[in-house]
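Right, one structure below, let's go through it.
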(Lines of atoms letter the chains of each structure in order from A and count residues from 1; the text may use other names and numbers.)
(Lines give C-alpha, C1' and ligand atoms only; values in the text may rest on other atoms or scores of the structure.)
Protein backbone atom coordinates (compact mmCIF):
# COMPACT_ATOMS: atom_id res chain seq x y z
CA UNK A 1 0.00 0.00 0.00
CA UNK A 2 2.80 2.39 0.89
CA UNK A 3 4.44 1.71 -2.49
CA UNK A 4 1.33 3.02 -4.24
CA UNK A 5 0.24 5.79 -1.92
CA UNK A 6 3.39 6.97 -0.21
CA UNK A 7 1.66 8.18 2.94
CA UNK A 8 -1.10 6.01 4.32
CA UNK A 9 -2.66 8.95 6.17
CA UNK A 10 -4.68 9.70 3.02
CA UNK A 11 -6.77 6.64 3.97
CA UNK A 12 -7.45 7.64 7.59
CA UNK A 13 -10.90 9.10 6.99
CA UNK A 14 -12.03 6.19 4.80
CA UNK A 15 -10.73 3.72 7.39
CA UNK A 16 -12.52 5.52 10.24
CA UNK A 17 -15.78 5.38 8.27
CA UNK A 18 -15.37 1.67 7.65
CA UNK A 19 -14.96 1.95 3.89
CA UNK A 20 -11.45 0.47 3.72
CA UNK A 21 -9.35 -1.82 5.84
CA UNK A 22 -5.64 -0.98 6.10
CA UNK A 23 -3.24 -3.82 6.82
CA UNK A 24 0.57 -3.80 6.83
CA UNK A 25 0.84 -5.16 3.27
CA UNK A 26 -2.51 -4.31 1.72
CA UNK A 27 -5.48 -2.02 1.63
CA UNK A 28 -8.88 -3.41 0.79
CA UNK A 29 -12.46 -2.30 0.67
CA UNK A 30 -14.65 -3.73 3.39
CA UNK A 31 -17.58 -4.11 0.99
CA UNK A 32 -17.62 -4.99 -2.69
CA UNK A 33 -20.32 -2.41 -3.40
CA UNK A 34 -18.10 0.34 -1.98
CA UNK A 35 -15.22 -0.83 -4.15
CA UNK A 36 -17.42 -0.79 -7.23
CA UNK A 37 -18.80 2.67 -6.43
CA UNK A 38 -15.33 4.13 -5.98
CA UNK A 39 -14.03 2.37 -9.09
CA UNK A 40 -16.96 3.70 -11.16
CA UNK A 41 -16.29 7.25 -9.95
CA UNK A 42 -12.68 7.23 -11.20
CA UNK A 43 -12.27 8.30 -14.86
CA UNK A 44 -11.13 5.45 -17.15
CA UNK A 45 -7.73 6.96 -17.95
CA UNK A 46 -6.94 7.47 -14.27
CA UNK A 47 -8.14 3.94 -13.47
CA UNK A 48 -5.76 2.56 -16.11
CA UNK A 49 -2.85 4.57 -14.69
CA UNK A 50 -3.63 3.37 -11.17
CA UNK A 51 -3.76 -0.24 -12.37
CA UNK A 52 -0.37 0.28 -14.08
CA UNK A 53 1.05 1.37 -10.74
CA UNK A 54 -0.44 -1.68 -9.03
CA UNK A 55 1.11 -3.98 -11.66
CA UNK A 56 4.50 -2.34 -11.13
CA UNK A 57 4.18 -2.64 -7.35
CA UNK A 58 3.13 -6.30 -7.54
CA UNK A 59 5.96 -7.17 -9.92
CA UNK A 60 8.40 -5.44 -7.57
CA UNK A 61 7.76 -8.14 -4.97
CA UNK A 62 9.97 -11.23 -4.76
CA UNK A 63 7.04 -13.59 -5.44
CA UNK A 64 4.19 -11.61 -7.00
CA UNK A 65 0.62 -12.89 -6.91
CA UNK A 66 0.26 -13.57 -10.63
CA UNK A 67 -3.53 -13.72 -10.51
CA UNK A 68 -3.55 -10.15 -9.22
CA UNK A 69 -0.88 -9.11 -11.73
CA UNK A 70 -2.99 -10.40 -14.61
CA UNK A 71 -6.18 -8.82 -13.25
CA UNK A 72 -4.57 -5.40 -12.92
CA UNK A 73 -2.67 -5.74 -16.22
CA UNK A 74 -5.96 -6.39 -18.02
CA UNK A 75 -7.51 -3.37 -16.30
CA UNK A 76 -4.47 -1.26 -17.22
CA UNK A 77 -4.59 -2.37 -20.86
CA UNK A 78 -1.05 -3.70 -20.47
CA UNK A 79 -1.14 -6.47 -23.07
CA UNK A 80 2.57 -7.18 -22.70
CA UNK A 81 2.17 -7.95 -18.99
CA UNK A 82 -0.92 -10.07 -19.65
CA UNK A 83 0.92 -12.19 -22.23
CA UNK A 84 3.98 -12.46 -19.99
CA UNK A 85 2.11 -13.57 -16.85
CA UNK A 86 -1.29 -15.07 -17.76
CA UNK A 87 0.00 -18.52 -18.84
CA UNK A 88 1.95 -18.97 -15.62
CA UNK A 89 -0.98 -17.66 -13.55
CA UNK A 90 -3.17 -20.20 -15.34
CA UNK A 91 -0.77 -23.04 -14.53
CA UNK A 92 -0.78 -21.98 -10.87
CA UNK A 93 -4.59 -21.94 -10.91
CA UNK A 94 -4.67 -25.44 -12.42
CA UNK A 95 -2.30 -26.66 -9.69
CA UNK A 96 -4.68 -25.23 -7.09
CA UNK A 97 -7.68 -26.91 -8.76
CA UNK A 98 -9.13 -23.60 -9.97
CA UNK A 99 -9.87 -24.70 -13.54
CA UNK A 100 -12.32 -21.88 -14.35
CA UNK A 101 -9.86 -19.24 -13.21
CA UNK A 102 -7.15 -20.94 -15.28
CA UNK A 103 -9.44 -20.89 -18.32
CA UNK A 104 -10.01 -17.15 -17.88
CA UNK A 105 -6.25 -16.53 -17.72
CA UNK A 106 -5.66 -18.58 -20.87
CA UNK A 107 -8.49 -16.66 -22.56
CA UNK A 108 -6.81 -13.37 -21.67
CA UNK A 109 -3.53 -14.57 -23.20
CA UNK A 110 -5.24 -15.90 -26.33
CA UNK A 111 -7.07 -12.59 -26.87
CA UNK A 112 -3.58 -11.19 -27.41
CA UNK A 113 -2.52 -14.03 -29.71
CA UNK A 114 -0.47 -11.81 -32.01
CA UNK A 115 1.85 -10.99 -29.13
CA UNK A 116 2.34 -14.61 -28.09
CA UNK A 117 4.38 -15.91 -31.00
CA UNK A 118 3.55 -19.17 -32.78
CA UNK A 119 5.16 -21.62 -30.36
CA UNK A 120 3.75 -19.95 -27.24
CA UNK A 121 0.34 -19.61 -28.90
CA UNK A 122 0.26 -23.34 -29.64
CA UNK A 123 1.21 -24.20 -26.05
CA UNK A 124 -1.35 -21.81 -24.54
CA UNK A 125 -4.08 -23.00 -26.92
CA UNK A 126 -3.41 -26.64 -26.01
CA UNK A 127 -3.42 -25.89 -22.27
CA UNK A 128 -6.62 -23.86 -22.69
CA UNK A 129 -8.30 -26.81 -24.45
CA UNK A 130 -7.35 -29.19 -21.64
CA UNK A 131 -8.55 -26.71 -19.04
CA UNK A 132 -11.91 -26.25 -20.76
CA UNK A 133 -12.33 -29.99 -20.96
CA UNK A 134 -11.69 -30.26 -17.21
CA UNK A 135 -14.09 -27.35 -16.50
CA UNK A 136 -16.97 -29.42 -17.84
CA UNK A 137 -16.98 -27.36 -21.04
CA UNK A 138 -16.07 -30.25 -23.34
CA UNK A 139 -17.55 -28.83 -26.55
CA UNK A 140 -15.51 -25.66 -26.14
CA UNK A 141 -12.51 -27.82 -25.22
CA UNK A 142 -12.89 -29.80 -28.44
CA UNK A 143 -13.12 -26.59 -30.48
CA UNK A 144 -10.08 -25.10 -28.72
CA UNK A 145 -8.19 -28.40 -29.14
CA UNK A 146 -8.97 -28.38 -32.85
CA UNK A 147 -7.69 -24.81 -33.08
CA UNK A 148 -4.55 -25.80 -31.19
CA UNK A 149 -4.00 -28.74 -33.55
CA UNK A 150 -4.24 -26.42 -36.58
CA UNK A 151 -1.51 -24.15 -35.22
CA UNK A 152 1.72 -24.22 -37.27
CA UNK A 153 3.63 -25.15 -34.10
CA UNK A 154 1.09 -27.67 -32.81
CA UNK A 155 2.61 -30.55 -30.96
CA UNK A 156 1.80 -34.12 -31.84
CA UNK A 157 0.00 -34.36 -28.51
CA UNK A 158 -2.29 -31.45 -29.53
CA UNK A 159 -3.26 -33.28 -32.69
CA UNK A 160 -3.87 -36.56 -30.83
CA UNK A 161 -5.83 -34.70 -28.15
CA UNK A 162 -8.12 -33.01 -30.68
CA UNK A 163 -8.72 -36.27 -32.55
CA UNK A 164 -9.40 -38.16 -29.30
CA UNK A 165 -11.87 -35.55 -28.05
CA UNK A 166 -13.74 -35.39 -31.36
CA UNK A 167 -14.05 -39.19 -31.30
CA UNK A 168 -15.05 -39.17 -27.64
CA UNK A 169 -17.72 -36.50 -28.20
CA UNK A 170 -19.09 -38.35 -31.24
CA UNK A 171 -19.25 -41.60 -29.26
CA UNK A 172 -21.04 -39.81 -26.39
CA UNK A 173 -23.53 -38.23 -28.79
CA UNK A 174 -24.22 -41.60 -30.42
CA UNK A 175 -24.65 -43.28 -27.04
CA UNK A 176 -27.08 -40.55 -25.94
CA UNK A 177 -29.07 -40.88 -29.14
CA UNK A 178 -29.31 -44.67 -28.83
CA UNK A 179 -30.56 -44.47 -25.22
CA UNK A 180 -33.20 -41.79 -25.96
CA UNK A 181 -36.82 -42.95 -26.10
CA UNK A 182 -37.87 -43.64 -29.71
CA UNK A 183 -40.50 -40.89 -29.72
CA UNK A 184 -37.94 -38.21 -28.86
CA UNK A 185 -35.61 -39.33 -31.66
CA UNK A 186 -38.27 -38.68 -34.30
CA UNK A 187 -39.02 -35.10 -33.30
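Residue numbers (my numbering): 750 to 936.
Every residue gets a Cβ at the ideal spot worked out from N, C-alpha and C, and that includes glycine.
Since the model is a prediction, treat every value here as computed from it, not as a measurement.
Local conformation of residue 770 per DSSP, three classes
strand
Is the distance from the Cβ of residue 771 to the Cβ of residue 782 below 8 Å?
no
Quick test of the definition: if touching needs 3 or more C-beta pairs under 8 Å, does the stretch 812-825 touch the stretch 833-840?
yes
Roughly how many angstroms separate the alpha carbons of residue 942 and residue 858, rounded to a whole number?
The shown model of the chain, from 750 to 936, leaves out residue 942, and the question about it has no answer.
DSSP state of residue 809, grouped into three classes?
coil
Is residue 862 closer than 8 Å to residue 878 when the C-beta atoms are compared?
no
Quick check for students: name the residue ranges of the alpha helix (DSSP H) that lie wholly in the stretch 827-882, counting only runs of 4 or more.
828-844, 848-859, 862-865
From 814, 872, 788, pick the residue whose C-alpha is nearest to that of residue 775; which is it?
814
Could you compute how far the alpha carbon of residue 933 sits from the alpha carbon of residue 888?
Note that residue 933 scores a pLDDT of 48, beneath 50, so its modelled location is shaky and nothing firm can be said.
Span of the alpha helix (DSSP H) around residue 891
887-899
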